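**Q** FYI, in the numbering used here the residues of the sequence shown are 72 to 354.
C-beta atoms are modelled at their ideal positions from N, C-alpha and C, and glycine is treated no differently.
Small disclaimer: the values here were computed from a predicted structure and weren't measured.
Right, I'll just put the structure down here and ask away after.
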Amino acid sequence: MIAEIYKIFKENNYATIGVCIYLFFILVAIFADLIATNDPLRINFSSSGLSRNLPPSWEYFLGTTSNGRDIFSQLIYGSRNALAVGLSAALAVAILGTIVGLISGFYGGWIDNLIMRLADIALGLPFLPFVIVLAAFLGPSSWNVVIAIGLLLWPNAGRIIRSQVLTLRERGYIESAKVSGCSNFRIIFLHIAPNILPLSFLYGSIAIGWAILTEASVSFLGFGPSDVISWGYMLQDAYSSQALSLGAYIWFIPPGICIVLMVVAGFFISRGYEEILFPKIKK
């Protein structure tokens, strides 16, 4: 598995660029305390009063908001929330989709029918309204996005993995495992699961971009937590303060670019992985 992943990054420029983008933001998130120059939630004052709407300077690299908060520090700390939400959602989608696809494809029958009907229901739910309703019931939290991503995106991975399991369960080595007395649990997770893990990784990488974009959308609409700095929170703060009409482009363009880069990185990785799994795409 590790050798296959290395092959993807070695042979595909898309995957390499995507990984480099992720590594950059991971390093920023890890060393955010050292990179950020101020507390992102602190209201700054100067000798003349509130440090509001200040232009970029050596003290505030990207200037300040209308509330006197450091934009650069918010941008740096926002990477932590984006990665936490994105990676958690990717893990949730990969785990749920893999387990559901394995069970549905291996057992078939009424279990398969029940799971596929649940998948149809999940695919029919509107995504963003579902997250908003979830936030209304559970309270504003970034983890609501992770829960929503896991509940609504698992069918995409589950259906594809199920189709692969339907073919794998008919292979000779699976029949041999059954004859030798292996339990269903052992056959599913020891003999079949390793063959579909690349698909799990593929859909997990797609979920990262979805999660980051959804979290930004929810925060922009005002349904995110007010005590957690995120790029969506920065955009919502800029919008409510009419940053565009004030010409404070430095306030909302950087977080927008960061969101785009993270989403594009997930797409690049998934694209590169697709070309390895399905070589005909290159042609």
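Which term fits Ile101, buried or exposed, when burial requires 16 or more other beta carbons within 10 angstroms of its beta carbon?
**A** exposed
**Q** By how many angstroms is the C-alpha of Ser119 removed from the C-alpha of Val335?
**A** 43 Å
**Q** Ends of the alpha helix (DSSP H) at Trp181?
**A** Taken as a continuous stretch (DSSP letters only), the alpha helix (DSSP H) holding Trp181 covers Gly180 to Gly195.
**Q** Helix, strand or coil for Arg342 per DSSP?
**A** helix
**Q** Can you tell me where the alpha helix (DSSP H) with Gly89 in it begins and where it stops?
**A** Asn84 to Ile101
**Q** To the nearest whole angstrom, what separates the beta carbons of Ser437 and Thr169, a pair I think is in contact under 8 Å?
**A** Because the chain here runs from 72 to 354, residue 437 falls outside it and cannot be looked at.
**Q** Look at the Cβ atom of Leu223, then the Cβ atom of Ala193, and state whether they are nearer than 8 Å.
**A** yes
**Q** Closer than 8 Å is the cut-off here; do at least three beta carbon pairs connect the stretch 138-152 with the stretch 108-115?
**A** yes
**Q** Can you check which of these residues, Ser341, Ile328, Arg342 and Gly343, is closest to Phe96 by C-alpha distance?
**A** Comparing Cα positions, the closest option is Ile328.
**Q** Who are the near neighbours of Leu133 in its chain, counting only those whose CB is closer than 6 Å to its CB and skipping five residues on each side?
**A** For Leu133, same chain residues with a beta-carbon under 6 Å away, outside a window of 5 residues either side, are Pro127, Ile142, Phe143 and Ile321 in chain order.
**Q** Starting from Phe116, follow its DSSP beta bridges and name the residues at the other end.
**A** Leu121
**Q** Rounded to the nearest angstrom, what separates Val99 and Pro197 at their Cα positions?
**A** 34 Å
**Q** Closest to Ile203 by CA distance: which of Gly293, Phe177, Ser150 and Gly180 is it?
**A** Gly293
**Q** Does the beta carbon of Ile170 come closer than 8 Å to any beta carbon on chain B?
**A** The structure shown contains no chain B; it is built from a single protein chain.
**Q** Please name the residue or residues paired with Asp141 in a DSSP beta bridge.
**A** DSSP output for Asp141 lists Thr135 as bridge partner(s).
**Q** Identify the continuous alpha helix (DSSP H) that holds Gln235 and give its terminal residues.
**A** Ser213 to Leu239
**Q** In this structure, how does DSSP classify Leu306 when only helix, strand and coil are distinguished?
**A** helix
**Q** Out of Val156, Val164, Leu112 and Arg151, state which residue places its alpha-carbon closest to the alpha-carbon of Gly139.
**A** Leu112
**Q** Determine the closest residue to Ser150 out of Gly303, Ser311 and Gln307, with distance taken between C-alpha atoms.
**A** Gly303
**Q** According to DSSP, is Asp104 part of a helix, a strand, or is it coil?
**A** helix
**Q** What's the gap between the Cα of Val217 and the Cα of Leu121?
**A** 37 Å
**Q** Go to Pro200, then tell me how far its alpha helix (DSSP H) extends in each direction, as first and last residue.
**A** Phe198 to Leu209
**Q** Using the beta-carbon count (16 or more within 10 Å), is Asp104 buried or exposed?
**A** exposed
**Q** Apart from the five residues on each side of it in sequence, which residues of its chain come closer than 6 Å, Cβ to Cβ, to Ala160?
**A** Val217, Ile220, Ala278 and Ala282
**Q** Drop a sphere of 10 angstroms on the beta-carbon of Val164, count the other beta-carbons inside from all chains shown, and report buried for 16 or more, exposed for fewer.
**A** buried
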